[in-house]
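Worksheet for the structure shown next.
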Amino acid sequence: MIRADRLSKRFGPVSAVEDLSFEVAAGEILGFLGPNGAGKSTTLRMLSGYWPPSSGAAAIAGLDLAQSSLAARRRLGYLPEAFAAPPELRVSEYLRFRAGLKGLAGRERRARVQEVAQQLGLTERLRQTCGSLSKGYRQRVGLADALLNRPPALLLDEPFTGLDPLQRVEFRDQLAQLAREGHAILFSSHVLPEVDALAERVLILHRGRCAALGSRAELIQAAREEAPLRVVTAGDGAALEQALLGLAAWRLLRREGGALTLQAQGAAERQSLFQWLAQRREPMLEFRVLEPSLEDLFRRLVGPQEPA
Amino acid sequence: MRAFSALLRREVHALLVAPYVYLLLGLWYLLNALFFSLLLDYPQVQNDLSLLPQLLFGNGILLWLLLPVFPPLLTLRLLAEEHRLGTLEALLTAPVSDAAVVLAKYLAACLFFLLFWGGVLFLFLLIGGHGAALDAGAVAGGFLGALLCSCLFLAAGLWASSWSGNLVLAAGGGAGLNYALLFLPHFLHDAPGAPGRVAHATSIPLMLESGFAAGLIDSYALAYFAVLSALFLFLTWVRLVSRRWVP
Chain A
2 MIRADRLSKR FGPVSAVEDL SFEVAAGEIL GFLGPNGAGK STTLRMLSGY WPPSSGAAAI
62 AGLDLAQSSL AARRRLGYLP EAFAAPPELR VSEYLRFRAG LKGLAGRERR ARVQEVAQQL
122 GLTERLRQTC GSLSKGYRQR VGLADALLNR PPALLLDEPF TGLDPLQRVE FRDQLAQLAR
182 EGHAILFSSH VLPEVDALAE RVLILHRGRC AALGSRAELI QAAREEAPLR VVTAGDGAAL
242 EQALLGLAAW RLLRREGGAL TLQAQGAAER QSLFQWLAQR REPMLEFRVL EPSLEDLFRR
302 LVGPQEPA
Chain B
169 MRAFSALLRR EVHALLVAPY VYLLLGLWYL LNALFFSLLL DYPQVQNDLS LLPQLLFGNG
229 ILLWLLLPVF PPLLTLRLLA EEHRLGTLEA LLTAPVSDAA VVLAKYLAAC LFFLLFWGGV
289 LFLFLLIGGH GAALDAGAVA GGFLGALLCS CLFLAAGLWA SSWSGNLVLA AGGGAGLNYA
349 LLFLPHFLHD APGAPGRVAH ATSIPLMLES GFAAGLIDSY ALAYFAVLSA LFLFLTWVRL
409 VSRRWVP
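Chains A and B, in that order, are what the protein sequence lines are. To convert, take the position in the first sequence, counting from 1, and add 1; that gives our numbering. To convert, take the position in the second sequence, counting from 1, and add 168; that gives our numbering.
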């Protein structure tokens, strides 16, 4: 439904997005995760048809954005990162205007405005001017706008920004419901828990390139291969630490008494470590892989910069 | 077509509900009524009322003082405000072409400027109704010429509005362009050779005074205003498209 094929965007000598390819199927939610400046908004702007790519292609519902831009945009709902509506317009006026832009007219337009307003809890706000709305309600207006033409594909750039915790939960539920209704949803965030809670698949973008792409389980499975190991001995932790210094395949991350956290280079090393500890007749109390989280993977991929 | 009509309605509505537009309109009416009554006091005008359309619609104080300024004040928000508020991205990702955006905004401004000139026309109708002997052809021609000139100045103003989100730059730039369109041919009017001929052929005051306001519709003048307006609209469209490439 949403397809990016080797998308690249350069601003002069600066490459904002490089060779990015992915697809989002109908009914699927893809979370676009990356630190600030990773190229998330640039990618979404290319997919929305706002910015043409420097190279590569994008398609919405099988329609190429360069060749059939208007037709593709008719099948697209887009919530920009800095969504703004004319402050002097009432919410109902704004939504009617946007519905008209998207080809709806007459009774159908009025009905659809009421429908999305109800869907997003905006019915009570329809007579309020856009300028007087809170950030949360403005976001809802933006999402309502994106939904007006019943688009099969939705692009949402940082949709949770400015929402309070309750609104986040509501908004998340609404997005999940939209996916169940068959919308393909691509949303970006630099807030990892939001992506973790909502997306079925995650694309981690770092410096304009795809650092990882897959379902949460796939990414965590991949991360598990390199996850740290916790060894707890009933013996002398310091002596074990000294002995471990001789093993090149292992790096000691920290030691707290007899509890050591180690970083190995792969699963095979774990087996050899286990055998080595057994040969030493180390009185082990615990030997386990620390279950990695998406956050661990994110940290490892994007380096020292942490998600907000 | 639905998208274009929605866009046009939105733009007209935006102008209708903007308080500053009514300030402009009030000021315009006030100044026009003042000029009109001052001109009526002139003995020459009282003796020959056919001078009135020329002085008001032609090479007069309205053209040199008010007309270059008011259209950019009306168009300053059309694109600059969208840019400033951040609403341009939502607009340009809607299923509507950039050309339709430019045309709808321009047409809305032109329709609204009819209200400005309508007030002046009303003054003519008022004295005509009281038995003043007016040359209807000169009044109608002058009105048309003033309208075409306004449309040109609105197109220049719209282009200036597309430059950035700075409203002062949009208004100042538009007025500067309009004054350049008026003054450059005026200054070069007496130059010898080709510059003089070009200045003569592009002199807006001349086209209005000896053409439209005299009741003569010159196809050259019609084409001049149409082509130049189209050029500014094209430049506005180019600016919108280039914004997609170089934000």
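Beta carbons are placed, not taken as given, at the ideal position from N, Cα and C, and that holds for glycine.
Query raised in the report: Just reading off the beta strand (DSSP E) that A/Asp-20 is part of, what are its end residues?
Result: Where A/Asp-20 is concerned, the enclosing beta strand (DSSP E) stretches over 15-25.
Query raised in the report: Roughly how many angstroms separate the alpha carbons of B/Arg-252 and B/Leu-235, rounded to a whole number?
Result: Separation of B/Arg-252 and B/Leu-235 (C-alpha to C-alpha, rounded to the nearest whole angstrom) is 26 Å.
Requested in this report: Round the Cβ separation of A/Leu-123 and A/Gly-78 to the nearest angstrom and send it over; I've been treating them as touching at under 8 Å.
Outcome: Contact doesn't hold; Cβ gap of about 15 Å is too wide.
Query raised in the report: Taking one C-beta from the region 35-44 of chain A and one from the region 100-109 of chain A each time, how about it: are there three or more such pairs within less than 8 Å?
Result: Short answer: they don't touch.
Query raised in the report: Excluding five sequence neighbours on each side, which residues of the same chain lie with their C-beta closer than 6 Å to the C-beta of A/Tyr-95?
Result: Answer for A/Tyr-95: Ala-86 and Cys-131, listed in chain order.
Requested in this report: List in chain order: all unbroken beta strand (DSSP E) runs of 3+ residues lying wholly within the region 261-306 of chain A.
Outcome: Whole beta strand (DSSP E) segments, 3+ residues: 285-290.
Report task. Take every Cβ of the region 213-222 of chain A, pair it with every Cβ of the region 182-190 of chain A, and state whether three or more of those distances are shorter than 8 Å. Result -> The region 213-222 of chain A is not in contact with the region 182-190 of chain A.
Query raised in the report: Regarding A/Ala-239 and the ligand ATP, is the C-beta to nearest heavy atom distance less than 7 Å?
Result: Ligands in the displayed structure: none, and consequently the ligand ATP is not present.
Query raised in the report: Can you tell me whether DSSP reads A/Gly-78 as helix, strand or coil?
Result: In the three-state reduction of the DSSP assignment, A/Gly-78 falls in the strand class.
Query raised in the report: Which residue comes first and which comes last in the beta strand (DSSP E) that contains A/Val-192?
Result: No beta strand (DSSP E) holds A/Val-192; DSSP gives it neither H nor E.
Query - Cβ-based contacts, 8 Å cut-off: residues of the region 45-58 of chain A near chain B - result: When C-beta distances to chain B are compared with 8 Å, the residues of the region 45-58 of chain A below that value are Arg-46, Ser-49, Gly-50, Tyr-51, Trp-52 and Pro-53, in chain order.
Query - For A/Phe-33, three-class secondary structure by DSSP - result: Collapsing the DSSP output to three states places A/Phe-33 in a strand.
Query raised in the report: Using DSSP with H/G/I as helix, E/B as strand and the rest coil, what is B/Ile-295?
Result: Residue state, collapsed to three classes: helix.
**Report entry** Helix, strand or coil at A/Ile-61 according to DSSP, with G and I counted as helix
**Finding:** In this structure, A/Ile-61 counts as strand in the three-state DSSP scheme.
Query raised in the report: In terms of alpha-carbon separation, which member of A/Ala-239, A/Leu-34, A/Leu-105 and A/Asp-197 lies closest to A/Asp-158?
Result: For A/Asp-158, the nearest C-alpha among the options comes from A/Leu-34.
Query raised in the report: Quick one, are the C-beta atoms of A/Ile-61 and A/Ala-213 less than 8 Å apart?
Result: No, they are not a contact pair.
Requested in this report: Label A/Asp-146 either buried or exposed according to how many other C-beta atoms from any shown protein chain fall within 10 Å of its C-beta, with 16 as the threshold for buried.
Outcome: In the assembly as shown, A/Asp-146 is a buried residue. Its beta-carbon has 16 or more other beta-carbons within 10 Å.
Query raised in the report: Looking at the structure shown, is B/Trp-405 part of a helix, part of a strand, or coil, going by DSSP?
Result: Here B/Trp-405 sits in helix by DSSP.
Report task. Taking only beta carbons into account, state which residues of the region 5-25 of chain A come closer than 7 Å to chain B, listed in chain order. Result -> Cβ contacts with chain B: none found.
Query raised in the report: DSSP on A/Glu-1, reduced to helix/strand/coil?
Result: Any question about residue 1 of chain A goes unanswered here, given that chain A covers just 2 to 309.
Report task. Indicate whether at least one CB of chain A lies closer than 8 Å to the CB of B/Val-264. Result -> Look at B/Val-264: its C-beta is under 8 Å from a C-beta on chain A.
Report task. May I ask you to list, following chain order, the residues of the region 242-254 of chain B that have a beta carbon less than 9 Å from some beta carbon of chain A? Result -> Residues of the region 242-254 of chain B that bring their beta carbon within less than 9 Å of a beta carbon in chain A comprise Glu-249, Glu-250, Leu-253 and Gly-254, in sequence order.
Report task. Taking C-beta pairs closer than 9 Å, name the residues in chain B that A/Ala-106 reaches, listed in chain order. Result -> What A/Ala-106 touches in chain B: Arg-170, Ser-173 and Ala-174.
Query raised in the report: Thinking C-beta only, is B/Pro-353 closer than 8 Å to B/Ala-367?
Result: Cβ atoms of B/Ala-367 and B/Pro-353: closer than 8 Å.
Query raised in the report: Which residues bound the alpha helix (DSSP H) around A/Leu-155?
Result: For A/Leu-155, there is no enclosing alpha helix (DSSP H); the residue is found in the beta strand (DSSP E) stretching over 154-158.
**Report entry** Residues in the region 183-200 of chain B having any Cβ partner in chain A nearer than 8 Å
**Finding:** Cβ contacts with chain A: Val-185 and Ala-186.
Requested in this report: Quick one: give me the first and last residue of the alpha helix (DSSP H) that B/Ser-205 is part of.
Outcome: Its alpha helix (DSSP H) spans residues 187-209.
Query raised in the report: What residues from the region 204-227 of chain A come within 8 Å of chain B, judged by C-beta to C-beta, listed N to C?
Result: Residues are counted here when their Cβ sits less than 8 Å from a Cβ of chain B; for the region 204-227 of chain A the count is zero.
Query raised in the report: According to the neighbour-count rule (16 or more other Cβ atoms, all chains shown, within 10 Å of its Cβ), is A/Pro-194 buried or exposed?
Result: Exposed: under 16 other Cβ atoms inside 10 Å.
**Report entry** Counted within 10 angstroms of its Cβ, other Cβ atoms place A/Ser-273 as buried (16 or more) or exposed
**Finding:** Residue burial annotation: A/Ser-273 is exposed, with fewer than 16 other C-beta atoms found within 10 angstroms of its C-beta.
Report task. Would you kindly work out how many angstroms separate the C-alpha atoms of B/Leu-207 and B/Pro-221, rounded to a whole number? Result -> CA-to-CA, the gap between B/Leu-207 and B/Pro-221 works out to about 11 Å.
Query raised in the report: Who are A/Ile-3's beta bridge partners in DSSP?
Result: A/Ile-3 is bridged to A/Val-25 and A/Ile-61.
Query raised in the report: Out of curiosity, what's the CA-to-CA distance linking A/Arg-141 and B/Leu-408?
Result: If I take the Cα positions, the gap works out to 28 Å.
Query raised in the report: Ordered along the chain, which non-local residues of its own chain (more than five positions away) have a Cβ less than 6 Å from that of B/Phe-459?
Result: The displayed coordinates of chain B run from 169 to 415. Any statement about residue 459 of chain B would go beyond what the structure contains.
Report task. Count the other CB atoms, across all protein chains shown, that sit within 10 Å of the CB of B/Gly-310; report buried if there are 16 or more and exposed otherwise. Result -> By the beta-carbon neighbour count (other beta carbons within 10 angstroms, threshold 16), B/Gly-310 is buried.
Requested in this report: Under the assumption that B/Leu-376 contacts B/Cys-317 (Cβ atoms under 8 Å), give the Cβ distance between them as a whole number of angstroms.
Outcome: Contact holds; Cβ gap of about 6 Å.
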